[in-house]
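Input: a single structure, listed below in structure tokens.
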Amino acid sequence: MIPTPAQALDLILDRVEPIPATGKSLSEVLGLAVAEALNSQAQVPPFTNSAMDGYAVRAVDLRDASLANPVRLRVLGDLAAGAIPHRPMGPGDAFRIMTGAPLPEGADSVVPVEDTTQVGDWVELRMPLRKGVHIRLAGEDLQLGQLLVKAGQGLRPGDIGVLAAAGIPEVPVHPRVRVAVLTTGDELVDVSELPGPGRIRDANIHAVCAQVAAAGAISVPFPRVPDDRLQLTAILREALAADVILTTGGISVGDYDFMKAMLEELGAERIFWKVAQKPGGPLGFWLLGAKPIFGLPGNPVAAMLMVEEYVRPALRKMMGFAKLHRPMAEAGLEGGWVGKAGDRRTTFLRVVAQRVDGELKARLTGPQGSGILSSMLLANALAVIPAGVDRIEPGGTVLLRLTEEAEDH
Ligand code: AMP
Ligand code: MG
103 MIPTPAQALD LILDRVEPIP ATGKSLSEVL GLAVAEALNS QAQVPPFTNS AMDGYAVRAV
163 DLRDASLANP VRLRVLGDLA AGAIPHRPMG PGDAFRIMTG APLPEGADSV VPVEDTTQVG
223 DWVELRMPLR KGVHIRLAGE DLQLGQLLVK AGQGLRPGDI GVLAAAGIPE VPVHPRVRVA
283 VLTTGDELVD VSELPGPGRI RDANIHAVCA QVAAAGAISV PFPRVPDDRL QLTAILREAL
343 AADVILTTGG ISVGDYDFMK AMLEELGAER IFWKVAQKPG GPLGFWLLGA KPIFGLPGNP
403 VAAMLMVEEY VRPALRKMMG FAKLHRPMAE AGLEGGWVGK AGDRRTTFLR VVAQRVDGEL
463 KARLTGPQGS GILSSMLLAN ALAVIPAGVD RIEPGGTVLL RLTEEAEDH
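Listed below in structure tokens is the structure:
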């Protein structure tokens, strides 16, 4: 039985596990998933302080202040950020205070410097103020013990700033997965070479490595592998040092498609080979011990689609993310689509999705052949057409995988 895309995904996700977490310092955790919920180790701000440069005052002292009748307060001293007030304030007193400096005892509000005039040791104030303005109360931002991030959440710059403020220097995170990427095919040459007769440039090594990196994993590109059993086996052995192996090409039923045979000769257990989908039917998934190996098709579009739909969620699970999939959304398909009648496969169409007057619309990028790499230049989403549906009327609703949404976290 050839698995459906959903079955194939389950077969994969059931067999990959998060790589154990280790403690890392905040400077090393951007984009990584935390292994456990983190609670604040401090209250933030730690003390009540000024939100403005100005004067710390008692609001009651300014009750009767007006333009015609300014109130004068005695300035007891200067408080810079980091300073400690050396004495409390009483009625008629003020401190000159800078943003972030601790509010002196007795003060309850801050008057911005723009609204004041200092004359010698006195400050003149011309209007009343609401008690408590322009101060930041101890603990008003974060409380001790408050939940900051959940297990499986990817850390963004803002999260890292909060963790720092909350007194958490080291975080348990799942490491990035190291992914060996192998491209196979006698016809392939490096991008920098001029392809000779019958040769083409190796697009997959760059496309797939970029996808791996974009998923937050580390791609380890291997030298191109010719369609030769011995060389393929030798390079596969080397690739076993990585956490995951991705190969492209040689996975089909052609005379020089050796991937399946060589992997199985090395002892890899085949979980499935082929998915009931278009494009990209041949996708193989093996386990060698616990090591996942994905055999992707050679066609660049098919290979990239497979990485998007199957490899990326697996890598995210291994990296400990709670959220494995990109968001999906319904859209109207402008121009519609006509497929092959009676096709029992799921079809993935490359589309451009765009919001028009608040409604999500999609249109095909153009020809959908699995060799048409240029469709990838335009696409920002994949329309997923269920098996058995062979036609979408113009404007008909399709389900989209939004491949360029804001990064998951
Ligand atoms: P295969 O899966 O090896 O039968 O390859 C299918 C098609 O994809 C063939 O037309 C190959 O030339 C092409 N192809 C395979 N590998 C690559 C690659 N790394 N970059 C670009 N095209 C490729
Ligand atoms: Mg080939």
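The opening position of the sequence shown corresponds to residue 103 in this note's numbering, with each subsequent residue numbered one higher.
Cβ atoms here follow ideal geometry from the backbone N, Cα and C, with glycine treated the same way.
Fair warning: this is a prediction, and the values are worked out from it, not measured in the lab.
For A317, there is no enclosing alpha helix (DSSP H), since its DSSP letter is neither H nor E.
For a cut-off of 8 Å, the C-beta gap from T448 to A404 is around 13 Å, too long to register as a contact. Look at A266 here: in three-state DSSP terms it is helix. Two segments are said to touch when three or more pairs of C-beta atoms, one from each, lie closer than 8 Å; by this definition the segment 268-280 touches the segment 116-133. Looking at the backbone, the Cα of P193 and that of D163 are separated by about 7 Å.
D155 is positioned such that its CB atom lies no closer than 8 Å to that of R176.
The criterion of a C-beta distance shorter than 8 Å is not satisfied by I262 and V136. The C-beta distance from V212 to I237 rounds to 6 Å, short enough to fall under 8 Å.
For the pair V281 and A319, the CB atoms are nearer than the 8 Å cut-off.
Going by beta carbons, L290 and F324 fall outside the 8 Å limit.
Classified as buried, F396 has 16 or more neighbouring CB atoms from the shown chains inside 10 Å of its CB. The C-beta distance from L435 to A464 rounds to 5 Å, short enough to fall under 8 Å.
Annotation for R452: the continuous beta strand (DSSP E) segment containing it runs T448 to V458.
Of all C-beta pairs linking the segment 477-495 to the segment 435-446, three or more are shorter than 8 Å, placing the two stretches in contact. L115 and Y412 have their C-alpha atoms spaced approximately 9 Å apart. Within the same chain, V136, L140 and D261 come within 6 Å of V251 by CB-CB distance, once the 5 residues on both sides are set aside. Nearest neighbour of V264 by Cα position, chosen from Q245, R446, G422 and G184, turns out to be Q245. For D180, the enclosing beta strand (DSSP E) stretches over residues V173 to L181. Around the beta carbon of F423, a 10 Å sphere encloses 16 or more other beta carbons of the protein chains shown; the residue is thus reported as buried. Here P105 is near L113, since their CB atoms are less than 8 Å apart. Short of 8 Å from the beta carbon of K442, and not among the five residues preceding or following it, lie these beta carbons of its own chain, in chain order: D492.
Given a length threshold of 3 residues, each whole run of the beta strand (DSSP E) inside the segment 111-186 is given here in chain order: 124-127, 156-159 and 173-181. Uninterrupted beta strand (DSSP E) stretches at least 3 residues long and entirely within the segment 272-309 occur at 272-275 and 280-285, given in chain order. Not one heavy atom of the ligand AMP is found less than 7 Å from the C-beta of P325. Counting C-beta atoms within 10 angstroms of its own C-beta, G386 has 16 or more neighbours from the protein chains shown and is therefore classed as buried. In terms of Cα proximity to S354, the closest of V327, R331, F374 and G383 is G383. Residue state for K442 is assigned as coil, using DSSP reduced to three classes. Counting along the chain, no alpha helix (DSSP H) covers L502; the unbroken beta strand (DSSP E) around it starts and ends at G498 to L504. CA-CA distance, V173 to G241, rounds to 32 Å.
Only exposed fits N171, as fewer than 16 other CB atoms lie within 10 angstroms of its CB. Residue pairing from DSSP places Q220 in a beta bridge opposite V225. For I104, the three-state secondary structure derived from DSSP is coil. At the C-beta level, A153 and T201 come within 8 Å of one another.
In the three-state reduction of the DSSP assignment, V327 falls in the strand class, which pools E and B. Distance from V453 to A489 at the Cβ level is roughly 19 Å; contact not present, criterion being Cβ atoms closer than 8 Å.
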